[in-house]
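Asker: Sending over a structure as structure tokens; questions will come in a sec.
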Amino acid sequence: MNLDKLNPTQRQAVLDTDGPMMILAGAGSGKTRTLVSRIQYLLEEKGVGPYQVLAVTFSNKAAREMRERLSVQTKIDIGALQVTTFHAFCAKVLRTEAQYLGLSRNFTIYDDSETQSIIKSLMAKRGMNQKEISPYSIAAFIDGLKNLGFYYGRERGEDVERFIQTDEHLFSLFQEYETELFKSNAIDFGGLLTGTLQLFKKFPEVLKKYQQKFKYILVDEYQDTNRVQFELVEMLSAHTRNICVVGDEDQSIYSWRGADIRNILDFEKVFPEAKLVKLEQNYRSSKKIITAASAVIANNQARKGKNMWTENQEGDPILLVECRDDKAEADFVASEIRSLLKKGASLKDMAVFYRNNSQSRTIEDALRREKFPYRVVAGIKFYERKEIKDMLSYMRVVINPKDSLALTRIINTPARGVGATSLRKLEDEAVRLNLSLFEIIEKIVDDPVDYKHLSLSGKVMSALKQLVGLIQEVKILEDHQEKPSICYEKLLHESGYFDVLRADKTYEGAARLENLEELANAIKQYEDSEEKPSIVLFLESVTLDTTTEEGDPLDQISLMTVHGSKGLEYNYVFLVGIEDNIFPSYRSLEQGATALEEERRLFYVAMTRAMKNLYIVFAQGRLMWGSLKFNGPSQFIHEIPEIYIEKKFIQTGPKNSANRVTFDEFDQTSDYGDDSSEIKVYQSKPSSVKRDLTAYQSGEKIRHGLYGDGLVLDSEGYGQDEKVTIQFRDGVRKKFMVKFAPLQKL
Numbered sequence: 074m075n076l077d078k079l080n081p082t083q084r085q086a087v088l089d090t091d092g093p094m095m096i097l098a099g100a101g102s103g104k105t106r107t108l109v110s111r112i113q114y115l116l117e118e119k120g121v122g123p124y125q126v127l128a129v130t131f132s133n134k135a136a137r138e139m140r141e142r143l144s145v146q147t148k149i150d151i152g153a154l155q156v157t158t159f160h161a162f163c164a165k166v167l168r169t170e171a172q173y174l175g176l177s178r179n180f181t182i183y184d185d186s187e188t189q190s191i192i193k194s195l196m197a198k199r200g201m202n203q204k205e206i207s208p209y210s211i212a213a214f215i216d217g218l219k220n221l222g223f224y225y226g227r228e229r230g231e232d233v234e235r236f237i238q239t240d241e242h243l244f245s246l247f248q249e250y251e252t253e254l255f256k257s258n259a260i261d262f263g264g265l266l267t268g269t270l271q272l273f274k275k276f277p278e279v280l281k282k283y284q285q286k287f288k289y290i291l292v293d294e295y296q297d298t299n300r301v302q303f304e305l306v307e308m309l310s311a312h313t314r315n316i317c318v319v320g321d322e323d324q325s326i327y328s329w330r331g332a333d334i335r336n337i338l339d340f341e342k343v344f345p346e347a348k349l350v351k352l353e354q355n356y357r358s359s360k361k362i363i364t365a366a367s368a369v370i371a372n373n374q375a376r377k378g379k380n381m382w383t384e385n386q387e388g389d390p391i392l393l394v395e396c397r398d399d400k401a402e403a404d405f406v407a408s409e410i411r412s413l414l415k416k417g418a419s420l421k422d423m424a425v426f427y428r429n430n431s432q433s434r435t436i437e438d439a440l441r442r443e444k445f446p447y448r449v450v451a452g453i454k455f456y457e458r459k460e461i462k463d464m465l466s467y468m469r470v471v472i473n474p475k476d477s478l479a480l481t482r483i484i485n486t487p488a489r490g491v492g493a494t495s496l497r498k499l500e501d502e503a504v505r506l507n508l509s510l511f512e513i514i515e516k517i518v519d520d521p522v523d524y525k526h527l528s529l530s531g532k533v534m535s536a537l538k539q540l541v542g543l544i545q546e547v548k549i550l551e552d553h554q555e556k557p558s559i560c561y562e563k564l565l566h567e568s569g570y571f572d573v574l575r576a577d578k579t580y581e582g583a584a585r586l587e588n589l590e591e592l593a594n595a596i597k598q599y600e601d602s603e604e605k606p607s608i609v610l611f612l613e614s615v616t617l618d619t620t621t622e623e624g625d626p627l628d629q630i631s632l633m634t635v636h637g638s639k640g641l642e643y644n645y646v647f648l649v650g651i652e653d654n655i656f657p658s659y660r661s662l663e664q665g666a667t668a669l670e671e672e673r674r675l676f677y678v679a680m681t682r683a684m685k686n687l688y689i690v691f692a693q694g695r696l697m698w699g700s701l702k703f704n705g706p707s708q709f710i711h712e713i714p715e716i717y718i719e720k721k722f723i724q725t726g727p728k729n730s731a732n733r734v735t736f737d738e739f740d741q742t743s744d745y746g747d748d749s750s751e752i753k754v755y756q757s758k759p760s761s762v763k764r765d766l767t768a769y770q771s772g773e774k775i776r777h778g779l780y781g782d783g784l785v786l787d788s789e790g791y792g793q794d795e796k797v798t799i800q801f802r803d804g805v806r807k808k809f810m811v812k813f814a815p816l817q818k819l
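When you line the sequence shown up against our numbering, it's residues 74 to 819, in that order.
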């Protein structure tokens with residue numbers, strides 16, 4: 074085996090094979106090469122059998138790539154070598170030992186959709202409203218418990234107690250959920266880990282068998298392990314103590330997925346005899362980039378500490394770009410890409426990183442205008458995201474009720490009880506009478522007696538009536554040339570779509586809300602550019618602008634969240650939206666030091682993806698829910714030593730459109746920071762007038778532009794958030810947001 078390609082520290086990590094070892098592998102330090110070489114050394118030089126080695130990582134792709142590299146590098150048949158993921162390893166163990174847990178070997182592994190079905194069934198039995206708490210939030214609670222290593226019947230430790238306190242009322246639901254799984258001879262993804270942990274704890278003879286089988290255990294991306302994974306590797310390695318973990322505490326960025334940085338910080342407490350090897354030479358970035366990134370991450374307290382260095386060239390300074398607004402930010406990125414192309418760079422060597430998925434919209438718009446082909450890595454292009462297509466479909470039905478494709482998409486989105494059977498009845502009736510789907514629904518709502526033969530339930534009839542009413546109301550607003558942004562917000566709120574997403578407390582739910590916020594911004598920006606804005610023209614602009622020139626499929630700009638960039642590298646990296654309340658996120662600023670340190674690690678990851686040139690871009694003002702917000706540059710920018718920075722200011726639009734505030738004038742106590750601290754993901758457009766009392770009182774007589782005269786039954790909220798419940802003369806009760814409804818007091 075040839076070790077000449079390894080540096081001295083990497084060779085130490087490969088050759089010192091016995092006993093516990095932690096390899097702290099900094100960004101771009103050759104981690105995978107070192108890990109593969111260590112396994113190769115065990116097989117070729119130490120004579121360890123492939124069946125005696127267990128190597129675990131976090132994705133099937135990473136496991137596959139590691140196995141492929143080993144098969145190329147070593148002459149030994151690695152057929153029996155287990156290079157696998159935690160979940161795949163645990164599934165294999167449980168298939169073999171299922172009888173110990175009262176399962177049969179052919180147990181089913183439930184995916185997310187099947188998990189959701191069980192949760193929804195349990196919620197229905199309890200009468201729980203999905204608009205108040207989302208099934209996804211309950212699934213996240215259950216997954217969080219399992220990430221901590223908790224299984225039904227295990228004593229609740231401090232971590233579990235602390236976690237349960239946030240949603241104590243859900244704990245009994247977790248118990249019912251686990252009972253349902255057991256009855257079905259099934260396990261979910263988290264249960265693969267906790268089931269194996271339970272097996273090892275309750276049946277020492279089973280644990281001993283696996284301890285004796287695996288002489289050497291290696292764990293890749295160790296900083297991303299959760300507590301149950303930590304317990305599993307600790308138990309498996311207890312016999313030989315030959316455990317080698319490879320990771321970087323400075324790149325621990327997945328706490329929201331259960332990763333626990335304590336696993337890497339406390340490794341030496343569990344294994345006091347462990348050897349610590351630090352891979353500190355960076356092979357990826359220029360000296361200025363890696364030194365600047367190191368200066369930023371040095372501000373974290375929760376770290377083991379590394380001094381990253383490189384023999385690469387000094388390189389260009391980091392370009393810190395201040396833009397007047399988010400449109401100027403996107404235009405700068407597109408302009409700089411064109412400049413780089415003229416200098417001979419390739420699109421495939423460029424990447425744009427953002428903190429949140431919703432930020433891709435302005436960048437995508439700018440790239441499409443320039444006809445630059447791009448791909449959204451580990452994500453979906455903005456106008457192809459489900460929630461965006463859903464709301465665009467609502468708008469399409471308003472302007473074209475005969476668009477049955479759009480209507481079919483929204484008729485049960487969010488869920489209203491109009492299932493496939495009811496929809497098929499409606500479609501068949503529309504075909505029979507040669508009407509569009511919306512036309513037949515209107516007729517059924519207007520005269521239900523004539524359509525009794527369809528046997529539609531009361532729930533379906535009520536849902537159809539509400540949907541038709543909403544579309545007709547927004548159509549009236551559109552006919553009266555109301556702004557598309559007002560029509561959009563009415564559709565978003567009164568359809569129930571917003572409330573359903575707000576009830577979903579998961580990371581994904583918040584991201585979907587942010588995307589809908591960004592769609593509101595897109596509509597607002599469109600309005601500002603048109604003399605007579607309309608829904609028709611906005612939809613036309615979106616449809617005509619969602620294609621780019623086809624070129625070499627490999628020669629595309631890469632767009633992604635910073636989380637999605639981990640493990641990748643590009644010659645030219647643009648970090649956009651680097652402002653307080655965005656990066657770091659407002660959530661991390663609210664949650665305190667621990668959350669802020671993870672945001673700083675995320676920023677460090679972003680910086681260290683760049684090989685040649687790094688652009689850090691922020692906007693003075695950014696459109697959020699139709700209002701201009703002034704966040705100020707990220708505090709992380711102030712942590713970069715000025716000697717590594719070159720500053721640039723980009724100004725677009727009318728000179729009086731915003732006050733000129735330079736980077737140097739911002740500081741951590743700026744009024745801009747105070748103003749933006751009020752931003753919340755879940756808020757709608759802020760109210761310009763705040764009233765202490767509701768505008769409509771119970772018992773008042775009113776007239777609605779569509780439904781006629783009625784009586785106010787109830788009113789809640791105030792100002793633009795006021796909602797009023799009205800009973801009309803025909804007995805129909807409806808609830809409206811006051812700011813959207815055409816109401817007149819009588």
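Cβ atoms here follow ideal geometry from the backbone N, Cα and C, with glycine treated the same way.
Should LEU272 and GLY264 be called a contact, given that it needs their Cβ atoms to be closer than 8 Å?
Answerer: Their beta carbons are not under 8 Å apart, which means LEU272 does not touch GLY264 by this criterion.
Asker: Got a sec? Which residues, its chain only, sit under 7 Å from PHE180 by beta carbon, not counting five neighbours each side?
Answerer: Hits under 7 Å: ALA171, ASN258, ALA259, ILE260.
Asker: Pick out whichever of PRO446, ALA213, GLY783 has its Cα sitting closest to the Cα of LEU627.
Answerer: Ranking PRO446, ALA213, GLY783 by Cα distance to LEU627 puts PRO446 first.
Asker: For GLU670, write down the residues that DSSP places opposite it in a beta bridge.
Answerer: None, per the DSSP bridge assignment.
Asker: Taking 8 Å as the limit between beta carbons, can you name the residues of its chain near VAL471, skipping five residues before and five after?
Answerer: Excluding residues within five positions, the ones whose Cβ falls inside 8 Å are ILE544, VAL547, LYS548, GLU551, CYS560, LEU564, ILE608.
Asker: If we count Cβ pairs, one from each stretch, closer than 8 Å, do we get three or more for the stretch 392-411 versus the stretch 717-726?
Answerer: In short, these stretches touch, since the Cβ pair count reaches three.
Asker: Restricting to Cα atoms, I'd like to know which of LYS286, ALA692, ILE710, GLN302 is closest to ALA153.
Answerer: It is LYS286 whose Cα lies nearest to the Cα of ALA153.
Asker: Hey, LEU632 and TYR688 are a contact pair by Cβ (cut 8 Å); roughly how many whole angstroms apart?
Answerer: With a Cβ gap of about 14 Å, LEU632 and TYR688 do not count as contacting.
Asker: Could you check where the alpha helix (DSSP H) with ALA683 kicks off and where it finishes?
Answerer: Note, ALA683: premise wrong, no alpha helix (DSSP H); beta strand (DSSP E) at 683-697.
Asker: Could you tell me which uninterrupted alpha helix (DSSP H) segments, each at least 4 residues in length, are contained entirely in the stretch 134-170, listed from first to last along the chain?
Answerer: DSSP runs (the alpha helix (DSSP H)) wholly in the stretch 134-170: 159-170.
Asker: On the DSSP bridge assignment, give the partners of GLY781 in chain order.
Answerer: DSSP, once it has assigned bridges, lists HIS777 as partnering GLY781.
Asker: Please list, in chain order, all residues of the same chain as TYR173 whose beta carbon is under 7 Å from its beta carbon, the five residues on each side excluded.
Answerer: LEU272, PHE276, VAL279, listed in sequence order.
Asker: Identify the continuous alpha helix (DSSP H) that holds PHE262 and give its terminal residues.
Answerer: Taken as a continuous stretch (DSSP letters only), the alpha helix (DSSP H) holding PHE262 covers 262-275.
Asker: Where DSSP assigns a beta bridge to SER658, which residues make up the other side?
Answerer: Partner(s): ASN654, ILE655.
Asker: Check whether the Cβ atoms of LEU266 and GLN302 sit closer than 8 Å, and answer yes or no.
Answerer: Closer than 8 Å, so yes.
Asker: Tell me the DSSP secondary structure of VAL470 in three-state form.
Answerer: Three-state DSSP puts VAL470 in a helix.
Asker: Let me know the secondary structure DSSP gives GLY320 once reduced to three states.
Answerer: Looking at GLY320 - three-state DSSP - the assignment turns out to be strand.
Asker: Could you tell me whether the stretch 376-393 touches the stretch 124-144, using the rule of 3 or more Cβ pairs below 8 Å?
Answerer: Cβ pair count under 8 Å is below three, so no.
Asker: Need the endpoints of the beta strand (DSSP E) that VAL425 sits in, please.
Answerer: Element bounds for VAL425: 423-427.
Asker: Please work out which residues of its chain come closer than 6 Å, Cβ to Cβ, to VAL318, disregarding the five sequence neighbours upstream and downstream, and give them in chain order.
Answerer: Hits under 6 Å: MET95, VAL292, TYR295.
Asker: What does the alpha-carbon distance come out to for the pair GLN889 and ASP782?
Answerer: As displayed, the chain neither begins before 74 nor continues past 819, which places residue 889 out of reach and without an answer.
Asker: By the DSSP assignment, the alpha helix (DSSP H) with PHE244 in it spans what residues?
Answerer: It spans 244-256 - the alpha helix (DSSP H) in which PHE244 sits, taken as one unbroken run.
Asker: Who are the near neighbours of ARG142 in its chain, counting only those whose CB is closer than 8 Å to its CB and skipping five residues on each side?
Answerer: The residues are THR105, VAL109.
Asker: By DSSP, does LEU610 sit in helix, in strand, or in coil?
Answerer: If DSSP states are grouped into helix, strand and coil, LEU610 belongs with the helices.
Asker: Where do the N-terminal and C-terminal ends of the alpha helix (DSSP H) with ALA128 fall, by residue?
Answerer: Run containing ALA128: none in the alpha helix (DSSP H); it sits in the beta strand (DSSP E), 126-130.
Asker: So, using beta-carbon positions, are GLU671 and SER245 closer together than 8 Å?
Answerer: Taking 8 Å as the Cβ cut-off, GLU671 and SER245 do not qualify as a contacting pair.
Asker: Pairs of beta-carbons, one from the stretch 430-437 and one from the stretch 583-603, closer than 8 Å: are there three or more?
Answerer: Yes, the stretch 430-437 touches the stretch 583-603.
Asker: Quick check on the DSSP output: the beta strand (DSSP E) that includes GLN827 runs from which residue to which?
Answerer: Because residue 827 is not part of the residues shown, which for the chain are 74 to 819, the question remains open.
Asker: Mind reading off the beta-carbon distance from ILE215 to TYR250? Whole number of angstroms is fine, and I expect it under 8 Å.
Answerer: About 6 Å separates the two Cβ atoms, so the contact holds.
Asker: Tell me which residues share the same chain as LYS351 and place their Cβ nearer than 6 Å to its Cβ, disregarding the 5 neighbours each side in the sequence.
Answerer: If we look at LYS351 and ignore the five residues flanking it on each side, its Cβ neighbours are LEU97, LYS379.
Asker: Is GLY122 near ARG314, with beta carbons less than 8 Å apart?
Answerer: The answer is no: Cβ separation not under 8 Å.
Asker: Near LEU88, which residues of its chain fall below 6 Å by C-beta distance, leaving aside the five closest residues on each side in sequence?
Answerer: So the list is empty, once near-sequence residues are dropped.
Asker: Would you list, in sequence order, the uninterrupted alpha helix (DSSP H) runs of no fewer than 4 residues that lie entirely inside the stretch 429-481?
Answerer: Entirely contained in the stretch 429-481, the alpha helix (DSSP H) runs reaching 4 residues are, in chain order, 433-442, 459-472.
Asker: For ASP838, which three-state DSSP category applies?
Answerer: Nothing about residue 838 can be reported from this structure: the residues present for the chain run from 74 to 819 only.
Asker: Taking the C-alpha atoms as reference points, what is the distance between ARG695 and VAL406?
Answerer: Cα to Cα, the separation comes out at about 16 Å.
Asker: Along the chain, where does the beta strand (DSSP E) containing PHE722 start, and where does it finish?
Answerer: It spans 718-723 - the beta strand (DSSP E) in which PHE722 sits, taken as one unbroken run.
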